[in-house]
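Peer 1: Let me begin by handing over the structure; questions about it come next.
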Amino acid sequence: MENMKDLEDKVIAEVNGAEDLKTLEDIRLSVFGKKGIITAEMKTLGAMDASARIEKAKQLNALKTTLENAMDIKKNILEAAALNEKLKAETIDVTLPCRPEIQGRIHPVSKIYEEVVAIFGELGFEVAEGPSIEDQFHNFNALNMPLNHPARQMQDTFYVAHDKNTPFEMENAYVVRTHTSGMQIRTMENKKPPIRIIAPGRTYRSDMDATHTPMFHQVEGLVIDKTTTLAHLKGCLYDFVKAFFELDEIPVRYRPSYFPFTEPSAEMDIGCLKTKTELKVGAGNDWLEILGCGMVHPNVLRAGGIDPDVYQGFAFGVGIDRLAMLKYGIPDLRTFFESDVRWLKNYGFAPLDFSSLTGGLNGNGGSLR
Ligand code: DAH
124 MENMKDLEDK VIAEVNGAED LKTLEDIRLS VFGKKGIITA EMKTLGAMDA
174 SARIEKAKQL NALKTTLENA MDIKKNILEA AALNEKLKAE TIDVTLPCRP
224 EIQGRIHPVS KIYEEVVAIF GELGFEVAEG PSIEDQFHNF NALNMPLNHP
274 ARQMQDTFYV AHDKNTPFEM ENAYVVRTHT SGMQIRTMEN KKPPIRIIAP
324 GRTYRSDMDA THTPMFHQVE GLVIDKTTTL AHLKGCLYDF VKAFFELDEI
374 PVRYRPSYFP FTEPSAEMDI GCLKTKTELK VGAGNDWLEI LGCGMVHPNV
424 LRAGGIDPDV YQGFAFGVGI DRLAMLKYGI PDLRTFFESD VRWLKNYGFA
474 PLDFSSLTGG LNGNGGSLR
C-alpha cells in the first residue's frame, strides 16, 4: 500500500471534490466497500506477525476514522445542498392569485362562518375565539349549571382526562366544549362592558345521525351594557336573519324556552314553507327553529365578574352547520365531514367569493356551484 498519509490526502481530496452524493458514495465504496482499499489492507493483517499487526491495525483504524469523518461531513453538506435545490425547485409563489376554475372549494361551513362574521361585523360585533378543550367551570358551572344540574344531561358530553398519570375523576375532568356558551364567561373575564361579541367555533357532543355529528359548529353571541333589553335582542336577531337569508322581510316568532344561562329564554323560529321536496324560507305557514337566545342570567354575569345590578345583556347560540343545511339545501350533516371532493365540488364555493354585506353575501363574482 502507498504511504498511509498519501492515501489519506488523496481520499480526502477526492471527498472534498465530490459534487454529488452519488460520487461520494462511489468514493466510499472504493475505500470501505468489499473491494475497497482499506478493506483489502485489513485483510493483510492476519498474515502479519503480532507486533507489526498491532501497529498497522492502529494506523488503519485511525485512518478509517479520519476518512469516515470527512465523508460524513461532506455527506451532510451535499444533503443540505440537495434539499435546498429541491426546495428551490418546488417553491410556490403564494402571492399569485389562485385559479378557482381548476380546483379547491370553500367548504359550506367556512362560507356560513364568513357570512355570519360579515353580518355581525357590520352590526358592530367583535369576533372572540376560545379553546376546544374547556374546563367545567367555563362550560357548565359558570353558566349556572353546577354539578348535578339536570341540564348537564341534555348534552352528551365528551370528558377529557388531565393527563395519563392523574386518575380520572368526572368532576374535575376537562371536556371538549359542548357549546360555545363558555365564551360568554371567557369574554366577561377579559373585557369590561360594553361587550358585543360573537364567538364562532367547533363544539362536540356524543351524537350521530342525519342532523347530528360528534363535532359541529356554533356561533355564540353576547351583548352586555347598562340598558340592553329584550327589544335589542329581537331587533338584532331580526336584522341577522334578514341579512343571512337575503330577504327584506321575514316572519319570525319567539317561543318561551329554557336555558340555564338565560332568563327569560326563548327559541326563535322563522316562517317557511315546507313541502315534500322543498323548504322555502321567508314565506308560508310553517315555522323553522333557528336559534336559542335570552337575557343573560344574573348568576352568569356574577360568575363573569360583572355586577348584575348595574349591567344586563342578551345572548344567543346558533348552529352554523344547521344554517348551512338550510341555506344550501344539504340534507345530511354527516356528509359535511367525509372529505369527499365530489361533495365539495358540488356544495363548495369558489375561493375568490368572499362575503360582505355590501358586495353580496355570496361573493362578488357569484359562486361556481
Ligand atoms: N348553548 C346552547 C346550546 O348549545 C345554545 C344557546 C341557547 C346559547 C341560548 C345561548 C342562548 O347563548 O342564550 O344548545
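FYI, the numbering used here numbers position 206 of the sequence shown as 329, with every residue one higher than the one before it.
Just so it is clear, CB atoms sit at the ideal spot from N, CA and C, and this is done for glycine as well.
Return the first residue and the last residue of the alpha helix (DSSP H) that D149 is part of.
Peer 2: On the sequence shown, position 26 is the one that residue 149 refers to. 144-155 is the extent of the alpha helix (DSSP H) around D149.
Peer 1: Classify M293 as buried or exposed, calling it buried when 16 or more other Cβ atoms lie within 10 Å of its own Cβ.
Peer 2: By 1-based counting over the sequence shown, the position of residue 293 is 170. Per the 10 Å Cβ criterion, exposed.
Peer 1: For Y451, which of helix, strand or coil comes out of DSSP?
Peer 2: Working through the sequence shown from its first residue, we reach residue 451 at position 328. Helix at Y451.
Peer 1: For the beta strand (DSSP E) holding V232, just list the boundary residues, first then last.
Peer 2: As a working note, residue 232 is residue 109 in the sequence shown. Membership of V232 in any beta strand (DSSP E) is not indicated; the residue belongs instead to the alpha helix (DSSP H) covering 231-245.
Peer 1: Cα separation between N506 and V464?
Peer 2: Any property of residue 506 remains undetermined from this structure, which presents the chain solely from 124 to 492.
Peer 1: If we count Cβ pairs, one from each stretch, closer than 8 Å, do we get three or more for the stretch 425-442 versus the stretch 397-411?
Peer 2: no
Peer 1: Report yes if the C-beta of S304 is less than 6 Å from at least one heavy atom of ligand 1; otherwise report no.
Peer 2: In the sequence shown, counting from the first residue as 1, residue 304 sits at position 181. For ligand 1, a non-hydrogen atom lies closer than 6 Å to the CB of S304.
Peer 1: Do you know how far the Cα of P220 is from the Cα of N207?
Peer 2: Working through the sequence shown from its first residue, we reach residue 207 at position 84. Working through the sequence shown from its first residue, we reach residue 220 at position 97. The C-alpha of P220 is placed about 25 Å away from the C-alpha of N207.
Peer 1: Assign F472 to buried or exposed, taking buried as 16 or more other Cβ atoms, counted over all protein chains shown, within 10 Å of its Cβ.
Peer 2: As a position in the sequence shown, residue 472 is number 349, starting the count at 1. By the 10 Å Cβ count, F472 comes out buried.
Peer 1: Fully enclosed by the stretch 389-453, which beta strand (DSSP E) runs are 3 residues long or longer?
Peer 2: Under the rule that a run must span 3 or more residues, the beta strand (DSSP E) segments found entirely inside the stretch 389-453 read 402-404, 409-419, 435-442.
Peer 1: Within the present structure, is the beta-carbon of T280 separated from the nearest heavy atom of ligand 1 by less than 6 Å?
Peer 2: Taking the first residue of the sequence shown as 1, we reach residue 280 at position 157. The answer is no for T280.
Peer 1: Tell me the DSSP bridge mates of I347?
Peer 2: Working through the sequence shown from its first residue, we reach residue 347 at position 224. Answer is I318, G436.
Peer 1: In the DSSP assignment, find the beta strand (DSSP E) that holds F382 and state where it starts and stops.
Peer 2: In the sequence shown, the residue the question calls residue 382 occupies position 259. Start and end: 375-382.
Peer 1: Opposite V250 in the DSSP bridges: which residues?
Peer 2: Along the sequence shown, one-based indexing puts residue 250 at 127. I321, per the DSSP bridge assignment.
Peer 1: G247 to R319, Cα distance in whole Å?
Peer 2: For this step, residue 247 is matched to residue 124 along the sequence shown. For this step, residue 319 is matched to residue 196 along the sequence shown. Taking the straight line from one Cα to the other gives about 7 Å.
Peer 1: What residue range is occupied by the uninterrupted beta strand (DSSP E) comprising V464?
Peer 2: Here residue 464 refers to the residue found at position 341 when the sequence shown is read from its first residue. Not the beta strand (DSSP E): V464 falls in the alpha helix (DSSP H), residues 464-470.
Peer 1: Reducing DSSP to helix, strand and coil, say where P290 ends up.
Peer 2: Here residue 290 corresponds to residue number 167 of the sequence shown, with the count starting at 1. In the structure shown, P290 sits in coil (DSSP, three-state: anything other than H, G, I, E or B).
Peer 1: Can you name, in chain order, every residue of its own chain whose Cβ lies under 8 Å from the Cβ of G156, other than the five neighbours on each side?
Peer 2: Your numbering for residue 156 matches position 33 in the sequence shown. So the qualifying residues of the chain are T162.
Peer 1: With DSSP collapsed to three states, give me the class of Q259.
Peer 2: Residue 259 sits at position 136 when you count from the first residue of the sequence shown. Three-state DSSP puts Q259 in a helix.
Peer 1: Label H285 either buried or exposed according to how many other C-beta atoms from any shown protein chain fall within 10 Å of its C-beta, with 16 as the threshold for buried.
Peer 2: The sequence position of residue 285 within the sequence shown is 162, counting from 1. Its Cβ having fewer than 16 others within 10 Å, H285 is exposed.
Peer 1: Would you say the beta carbon of T310 is closer than 6 Å to some non-hydrogen atom of ligand 1?
Peer 2: Here residue 310 is taken as the residue at index 187 of the sequence shown, counted from 1. Because no heavy atom of ligand 1 lies under 6 Å away, the Cβ of T310 does not count as near it: no.
Peer 1: So V299 is in the alpha helix (DSSP H); what residue range does that whole segment cover?
Peer 2: Taking the sequence shown and counting its residues from 1, the one referred to as residue 299 is at position 176. In this chain, V299 is not harboured by any alpha helix (DSSP H); it is covered by the beta strand (DSSP E) spanning 297-299.
Peer 1: Compute the Euclidean distance between the alpha carbons of S490 and H355, then round it to the nearest angstrom.
Peer 2: For the purposes of this step, residue 490 is taken as residue 367 along the sequence shown, with counting starting at 1. For the purposes of this step, residue 355 is taken as residue 232 along the sequence shown, with counting starting at 1. Annotation note: pLDDT 35 at S490 (below 50); position unreliable, coordinate value reported separately. Distance between the alpha carbons of S490 and H355: 34 Å.
Peer 1: Excluding the 5 residues flanking K179 on each side, which residues of the same chain have their C-beta closer than 6 Å to its C-beta?
Peer 2: By 1-based counting over the sequence shown, the position of residue 179 is 56. The answer is none, since no qualifying residue turns up.
Peer 1: What residue from E401, R376, Y381 has the CA that sits closest to G394's CA?
Peer 2: On the sequence shown, position 271 is the one that residue 394 refers to. Closest option to G394, Cα to Cα, is R376.
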